[in-house]
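See structure below.
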Amino acid sequence: MAPLILITGGCRSGKSGFGQRLAENIPGRRLFIATCPCLDEEMAARISRHQQDRKDKGWLTVEEPLAPVDAVNGAKPGTTILLDCLTLWISNLLFAAENKGRELTEERITQHALQLATVARNHEGTVLMVTNEVGLGIVPENAVARRYRDLVGRCNQTLAAAADQVYLVSCGIPLQLKRSVNDHEEYKQHLLSGGNIS
Numbered sequence: 124m125a126p127l128i129l130i131t132g133g134c135r136s137g138k139s140g141f142g143q144r145l146a147e148n149i150p151g152r153r154l155f156i157a158t159c160p161c162l163d164e165e166m167a168a169r170i171s172r173h174q175q176d177r178k179d180k181g182w183l184t185v186e187e188p189l190a191p192v193d194a195v196n197g198a199k200p201g202t203t204i205l206l207d208c209l210t211l212w213i214s215n216l217l218f219a220a221e222n223k224g225r226e227l228t229e230e231r232i233t234q235h236a237l238q239l240a241t242v243a244r245n246h247e248g249t250v251l252m253v254t255n256e257v258g259l260g261i262v263p264e265n266a267v268a269r270r271y272r273d274l275v276g277r278c279n280q281t282l283a284a285a286a287d288q289v290y291l292v293s294c295g296i297p298l299q300l301k302r303s304v305n306d307h308e309e310y311k312q313h314l315l316s317g318g319n320i321s
């Protein structure tokens, strides 16, 4: 079974580049699922930079700001998928809900994340997801920003639990937080049997 990989980190930490490099080391088709809507000139420039980074490297790009599940579901078997990024997806869901007079709750975002994890686990190919670590800074001063931070944290926890591998990227350096489930189980058994951490 191909792995589900979650990559987190702060803004401009190098997480997207790391995810792209991992994906490009896997032979075969590649699908980039973009969740970022182009809202202004700065965002357009950012999107353009990412597109240039993928140019001539065998990527097909699909823009899916609200339903990345559909894009994962529609991918051909054997395709390596890079979804970038979960935090913008949550932002899009939050504002879409507010525009309809609804509230996006932690329970609902957990359902969305579980659905995405299930579809990703069923895909016959590696799926990499990029997200932001937003919980390390100061507590936001307004309620919407606090709710957004909490929603992202809940989504990240849900997908990290489902993932085979989790990486934290800081200053362009990836730190592996979680290995495959089998590696994790072997490590846990090692500790339970009184083994020392090497």
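Quick note: the sequence shown uses this note's numbering, first residue 124, plus one each step.
Using N, Cα and C, we set each Cβ at its ideal position, and we do this for glycine too.
Note that the C-beta distance between G133 and E256 is below 8 Å. Annotation: the segment 152-216 contains the following complete segments of the alpha helix (DSSP H) (minimum length 4 residues), in chain order: 164-177 and 191-197. Between A236 and L227, the C-beta gap is not smaller than 8 Å, which leaves the two residues out of contact. For G276, the uninterrupted alpha helix (DSSP H) run begins and ends at A266 to A285, by DSSP. Note: K301 is bridge-paired with V289 in the DSSP secondary-structure output. Sequence-distant Cβ neighbours of L298 in its own chain, meaning closer than 7 Å and more than five residues away, are Y290 and L291.
Under the three-state reduction of DSSP output, G140 falls in the helix class.
Inter-residue distance for I204 and V253 is about 11 Å (C-alpha atoms, whole angstroms).
Of T241, G151 and A268, the smallest CA-CA separation from G201 is found for G151. Taking C-alpha positions only, T131 is separated from K138 by approximately 6 Å. Burial state of I296 is exposed, judged by a 10 Å Cβ sphere holding fewer than 16 other Cβ atoms. With a contact defined as Cβ atoms closer than 8 Å, T249 and P160 miss out at about 26 Å.
Of the other Cβ atoms in all chains shown, fewer than 16 fall within 10 Å of the Cβ of A266; this residue is therefore exposed. If you draw a straight line from the Cα of A283 to the Cα of S303, it is about 11 Å long. Between L251 and A146, the beta carbon gap of about 6 Å places them in contact (Cβ cut-off 8 Å).
Rounded to the nearest whole angstrom, the C-alpha separation of E229 and Q175 is 35 Å. Rounded to the nearest angstrom, the Cβ distance from V185 to V242 is 14 Å, too far for a contact under 8 Å. Nearest neighbour of R270 by Cα position, chosen from F218, Q234 and L183, turns out to be F218. Secondary structure at V242: helix, using DSSP grouped into helix, strand and coil.
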